[in-house]
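First to last, the protein sequences are chains B and P. Here the first sequence is numbered in my numbering, starting from 1 and rising by one per residue. Here the second sequence is numbered in my numbering, starting from 1001 and rising by one per residue.
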Amino acid sequence: LTTDLTFSQLARLCYYGAGGPLTIARVQSVLALPGHVIPSMLAAATELGYLTSEGGHWALTDRGARLAREMQEAMGRAQKTTPVVQPYTDFLPTGLETLS
Amino acid sequence: MSAEPLAKLRAFLSSTKLDLEAERTVAWLALKNRGFEVVRMEDFQSATHDAWTECVAALQSCDIYVLLLGHQYGSMLAETGLSYTHAEYERARALRMPVFAFVKDGIDSAIKRAQDPLRLQDFYETILESHVVRHPLFRDTEELATSIWGAIDQWQSRAAVQRPSFLRRALPAADPLSSAVSHVRRTALRRSGFAVVLVDGGTALAKALPTESPGRLLQKGYEIRDELAALGAATSFINDIRAYAQDRNDLFVKRVELAGERSSLIVCLVHGRADYPKVSAFVNCGAQVAAVIPYARLDLTADDRTADVYLDYVDADVESCALSAEVTGYVRAVVDEHLLSLF
């Protein structure tokens, strides 16, 4: 492989890129990755033709927009079908006292 | 019932500080990314009471305990005779909190150089005996973030139960964004016809690894197949090649042809010297061929290298997770490279 960019990272980049220009700070906050790896990820996505660079921020190319659309459709499906559930913990939920 | 916003789960982040500053920041970000409110020493304010009292109060307010174990035992707490981190861990156990432990790679050699090697060794062994610790251990902050996400996602999806209406909190069963990425990956792989054939050499098991039970390597192959299937790559598994090769030669040849026609990547697991020539049967069948071999033990020469890619392993890797991790890591990289060219 010529880059360290994973498909998962690229898909996330494009998904967030559809919501507005990407900056290093924004990518760091949404992907929860250390700052020093972000520039190389953005450079790799640009090299692959998914992003275009302009004055310190990055925007989607047509190719990136295609992936972003697939992600948005999949997100819609995931949010619609995700059940609301409760993680079980073995101590008493503190909210119980409000029942009395 | 009112529709008040539901409280976030709280995670207590515990570790030594000076040697794990970057890791703490990444763990904090990773947990926040999964919707946790993270409690950590960096956010403690000046107070009239002592630091340990503050730690205990903070711990008691949390729902889960996240431990990062680096290469130092840490500063000591006089009251307990343990380090702050170790004492926090023991308190979390006493509180019956879910514990998630992440250990930094290289700890075995680091223990010898640590300021307090005996205590660090004892703490490390306690962690290993009491909890599942993801292997390979994290080597950098990116691997740490991935490990944390994996553990949290697994915990939330496994532990999730439907409950009646008195629920205090509600969390999604899984991260919708991760689900979306998986869905897009699977769909794209299916549309493009990407498939993997995993080949187990299937002979010389006892000769190759005399201390192993014969089924161990086969079992490893099944594990790898399952991991690749979870990745979304259509995976089939060919084993017991000796039977095909010697007794039903025509069928073996047919299977090789089909493997070449129907797959993008063939991964051959080779165990012994006698298995190695079978790799050649798959070379030039139309797909990329990767040979997974114990290169040093087989004493191969450059002329023997006929496959496109070689993944080297040593016998100890079969015992640990290293063999599965290397093969799945390689296939994941090939899959990613394929996917990056699709859109």
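Built from N, CA and C at the ideal position, the CB exists for glycine as well. Given the structure is predicted, the values throughout are model-derived calculations rather than measurements.
Would you mind sorting P/Pro1294 into buried or exposed? The rule is 16 or more other CB atoms within 10 Å of its CB.
So P/Pro1294 counts as buried.
State the Cα-Cα distance for the pair P/His993 and P/Arg1225, rounded to the nearest angstrom.
Look at the range of chain P in this structure, 1001 to 1343, and you will see that residue 993 of chain P is not part of it.
Just verifying my parser: in three-state terms, what is the DSSP assignment at P/Met1097?
Note: P/Met1097 maps to coil in three-state DSSP.
Please go through the same chain and pick out, in chain order, the residues whose beta-carbon is closer than 8 angstroms to the beta-carbon of P/Ala1011, but skip the five residues on each side of it.
Leu1031, Phe1036, Glu1037, Val1038, Val1039, Cys1062, Asp1063, Ile1064, Tyr1065 and Val1066.
With a threshold of 16 other CB atoms inside 10 Å of the CB of P/Phe1044, please say whether the residue is buried or exposed.
So P/Phe1044 counts as exposed.
Kindly say whether B/Ala78, judged by its beta-carbon, lies nearer than 7 angstroms to any beta-carbon of chain P.
Closer than 7 angstroms to some Cβ of chain P, the Cβ of B/Ala78 qualifies, so yes.
Run through DSSP, which three-state label would P/Phe1123 get?
Residue state, collapsed to three classes: helix.
Pull the bridge partners of P/Asp1312 from the DSSP assignment, please.
P/Ile1293, per the DSSP bridge assignment.
With a threshold of 7 angstroms between beta-carbons, can B/Ser8 be considered close to chain P, or not?
When Cβ-Cβ separations below 7 angstroms define contact, B/Ser8 makes contact with chain P.
Specify, as a first and last residue, the run of the beta strand (DSSP E) that B/Thr46 falls within.
Per DSSP, B/Thr46 is not a residue of any beta strand (DSSP E); the alpha helix (DSSP H) it occupies stretches across Ile38 to Glu47.
Can you tell me the Cα-Cα spacing of P/Val1197 and P/Asp1317, whole angstroms?
Roughly 21 angstroms separates the two Cα atoms.
What residues in the stretch 51–80 of chain B have a beta carbon less than 9 angstroms from any beta carbon of chain P?
Cβ contacts with chain P: Arg63, Gly64, Arg66, Leu67, Glu70, Met71, Gln72, Glu73, Ala74, Met75, Gly76, Arg77, Ala78 and Gln79.
Measuring straight from C-alpha to C-alpha, what distance separates P/Ala1325 and P/Ser1280?
For P/Ala1325 and P/Ser1280, the distance between alpha carbons rounds to 24 angstroms.
Looking at P/Ala1188 and P/Cys1300, is the spacing between their C-beta atoms short of 7 angstroms?
Per the sequence shown, residue 1300 of chain P should be read as Leu rather than Cys. Against a cut-off of 7 angstroms, the Cβ pair of P/Ala1188 and P/Leu1300 comes out as no contact.
Delimiting residues of the beta strand (DSSP E) encompassing B/His57
B/His57 -> beta strand (DSSP E) spans His57 to Leu60.
Under 8 angstroms by beta carbon: chain P residues contacting B/Arg12:
Within 8 angstroms Cβ-Cβ: Leu1177 and Val1181.
Less than 7 angstroms between the beta carbons of P/Ala1180 and B/Met75, yes or no?
Yes. Within cutoff.
Can you have a look at P/Arg1191 and say buried or exposed, based on whether 16 or more other CB atoms are within 10 angstroms of its CB?
Result: exposed.
Helix, strand or coil: how does DSSP classify P/Ala1307 here?
Assignment of P/Ala1307 by DSSP, reduced to helix, strand and coil, places it in the coil class.
Measure from the C-beta of P/Asp1336 to each C-beta in chain B and report whether the shortest distance is under 7 angstroms.
Using a Cβ-Cβ cut-off of 7 angstroms, P/Asp1336 counts as an interface residue toward chain B, since at least one Cβ of chain B sits closer than that to its own.
Taking C-beta pairs closer than 7 angstroms, name the residues in chain B that P/Thr1141 reaches, listed in chain order.
Simply Pro34.
Between the Cα of P/Thr1270 and those of P/Leu1298, P/Arg1262 and P/Gly1260, spot the shortest distance and give me the residue it belongs to.
Going by the sequence as given, residue 1270 of chain P is Val instead of Thr. Answer by Cα proximity: P/Leu1298.
Can you grab the Cα-Cα spacing for the pair P/Arg1139 / P/Lys1254, in whole Å?
Their Cα atoms are separated by approximately 44 angstroms.
Whole-angstrom distance between P/Leu1258 and P/Ile1107, CA atom to CA atom:
Using only the alpha carbons, I get a separation of about 46 angstroms.
Do P/Arg1091 and P/Leu1118 have their beta-carbon atoms positioned less than 7 angstroms apart in this structure?
No, these two residues do not count as a Cβ contact at 7 angstroms.
Less than 6 angstroms between C-beta atoms, sequence neighbours within five positions excluded: which residues of the same chain meet that for P/Leu1009?
Shown here for P/Leu1009: same chain residues with a beta carbon closer than 6 angstroms to its own, the five before and five after excluded, namely Phe1036 and Asp1063 in chain order.
Is any beta-carbon of chain P found at less than 7 angstroms from that of B/Leu42?
Chain P, which has no Cβ nearer than 7 angstroms to the Cβ of B/Leu42, makes this no.
Is B/Leu22 close to chain P, meaning its C-beta is less than 7 angstroms from at least one C-beta of that chain?
Not one chain P Cβ lies under 7 angstroms of B/Leu22.
Once DSSP output is grouped into helix, strand and coil, what is the label at P/Asp1175?
P/Asp1175 carries a coil assignment under DSSP once its states are collapsed to helix, strand and coil.
For B/Tyr50, which of helix, strand or coil comes out of DSSP?
Coil, per DSSP.
Using a Cβ-Cβ distance cut-off of 7 angstroms, determine whether P/Ser1165 contacts chain B.
Residue confidence is low: P/Ser1165 scores 37 on pLDDT, short of 50, so the model does not pin down where it sits. Its coordinate-derived value is still stated next. At least 7 angstroms separates the CB of P/Ser1165 from every CB of chain B.
Neighbourhood of P/Ser1182 by C-beta, 7 angstroms cutoff - its chain only, sequence neighbours within 5 removed
Around P/Ser1182: Gly1232.
Alpha-carbon spacing of B/Thr23 relative to B/Ala43, whole angstroms:
The straight-line gap from Cα to Cα measures roughly 12 angstroms.
I'd like to know whether the C-beta of P/Phe1343 is nearer than 7 angstroms to at least one C-beta of chain B.
Chain B contact via Cβ: present.
Backbone CA spacing between B/Gln72 and P/Gln1154 [nearest angstrom]
Computed Cα separation, rounded: 24 angstroms.
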